[in-house]
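Note sheet for the following structure.
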Amino acid sequence: MLRIAVLISGRGSNLDALVRRLHADPAVPAEIVAVISNRPGAAGLEIAREAGLTAAVVDHQHFDGREAFEAVLATTLDALEVDLIACAGFMRILTPTFVERFAGRMVNVHPSLLPDFPGLDTHRRALERGDDQAGTSIHLVIPALDAGPVLAQARVAVTADETPESLAERVRAAEHRLYPEVLRWVAEGRLELAAAPPTLDGRPLPERGAGFRFDGETLHPCAESADR
Ligand code: GRF
Numbered sequence: 074m075l076r077i078a079v080l081i082s083g084r085g086s087n088l089d090a091l092v093r094r095l096h097a098d099p100a101v102p103a104e105i106v107a108v109i110s111n112r113p114g115a116a117g118l119e120i121a122r123e124a125g126l127t128a129a130v131v132d133h134q135h136f137d138g139r140e141a142f143e144a145v146l147a148t149t150l151d152a153l154e155v156d157l158i159a160c161a162g163f164m165r166i167l168t169p170t171f172v173e174r175f176a177g178r179m180v181n182v183h184p185s186l187l188p189d190f191p192g193l194d195t196h197r198r199a200l201e202r203g204d205d206q207a208g209t210s211i212h213l214v215i216p217a218l219d220a221g222p223v224l225a226q227a228r229v230a231v232t233a234d235e236t237p238e239s240l241a242e243r244v245r246a247a248e249h250r251l252y253p254e255v256l257r258w259v260a261e262g263r264l265e266l267a268a269a270p271p272t273l274d275g276r277p278l279p280e281r282g283a284g285f286r287f288d289g290e291t292l293h294p295c296a297e298s299a300d301r
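The numbering used here runs 73 ahead of the 1-based position in the sequence shown.
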């Protein structure tokens, strides 16, 4: 069983998808052992409680500096014996010390086709540049912000009357399919994170992530479809 801790700060729609499509699926050897928020009012905490998960708050505002906050976060994660930390809308920048402590064990979902648009406001920036495609990336967390190896991406076509809000909604829907799928691969031992660079089924990932083909409910990595 892959023991996953999910870090959140807000709404928790990705957490909800991870609960429904990963944790609640008995066929997947993964369990969410805790949900930790740095904000006490995060709506995602309620999602966690309703699902019967352990929901904890480590409020960054109660600490004198980043290091003190992260020390408690790290101790909590160690005590839970987590194999994987899944950031899902976790809005704190983590120090290199923390990231290195959990190197190869921490992933994040970012709402752009990395390496495009690290940081905030990704949808507005994509529209301002006139992109006809946007999307989301699941990546390993490294000390540099939103810069770790991309494990997988899902693409969304930009429509003629697109707004940042409408794009955000469709990208989030793609995240809700992609993130559980990627963590399922990790749980099944197909996606190897500890190796550098990461591999899928023993093969190196394509430079910009695996890419996906939708087949009804299931996302297939392009590497798989190429074999057919
Ligand atoms: C997602 O769009 C994710 O890409 C970004 O933050 C958002 C979190 O949304 N990192 P939610 O809290 O999972 O609904």
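Glycine included, every Cβ here is placed at the ideal spot set by N, Cα and C.
Counting every other CB atom within 10 Å of its CB across the protein chains shown gives G117 a total of 16 or more, marking it as buried. Taking a 10 Å sphere around the C-beta of P102, we find fewer than 16 other C-beta atoms and assign the residue as exposed. L251 is the residue among L251, L278, L200, G275 whose C-alpha sits nearest the C-alpha of L292. Judged by DSSP in its simplified three-state form, P237 adopts helix.
Under DSSP, P294 shares a beta bridge with F285.
Between the stretch 184-195 and the stretch 138-156, the count of Cβ pairs shorter than 8 Å is below three; the stretches do not touch. Contact between L224 and V180 holds: CB atoms are separated by about 7 Å, below the 8 Å threshold. Within the DSSP secondary-structure output, I211 pairs in a beta bridge with V182, A225. Per DSSP, reduced to three states, the secondary structure at L150 is helical.
At least one heavy atom of the ligand GRF lies closer than 7 Å to the C-beta of V182.
Counting the other Cβ atoms within 10 Å of the Cβ of G208 gives 16 or more, which makes it buried.
Burial state of A199 is buried, judged by a 10 Å Cβ sphere holding 16 or more other Cβ atoms. For I166, no alpha helix (DSSP H) encloses it, and the DSSP letter there is neither H nor E. Under DSSP, L75 forms a beta bridge with A103.
Excluding five sequence positions before and after L88, the CB atoms of its chain that fall closer than 7 Å to its own CB belong to V79, I81, V108, G117, I120, A121, A161, given in chain order. When the beta-carbon positions are compared, R178 and L157 come within less than 8 Å of each other.
In this structure, R165 sits near H133, with a CB-CB distance shorter than 8 Å. Beta-bridge annotation (DSSP): T272 is paired with E265, P277. By the Cβ-count criterion, T127 is exposed, with fewer than 16 other Cβ atoms from all chains shown falling within 10 Å of its own Cβ. Shortest gap from the CB of N87 to any heavy atom of the ligand GRF: under 7 Å.
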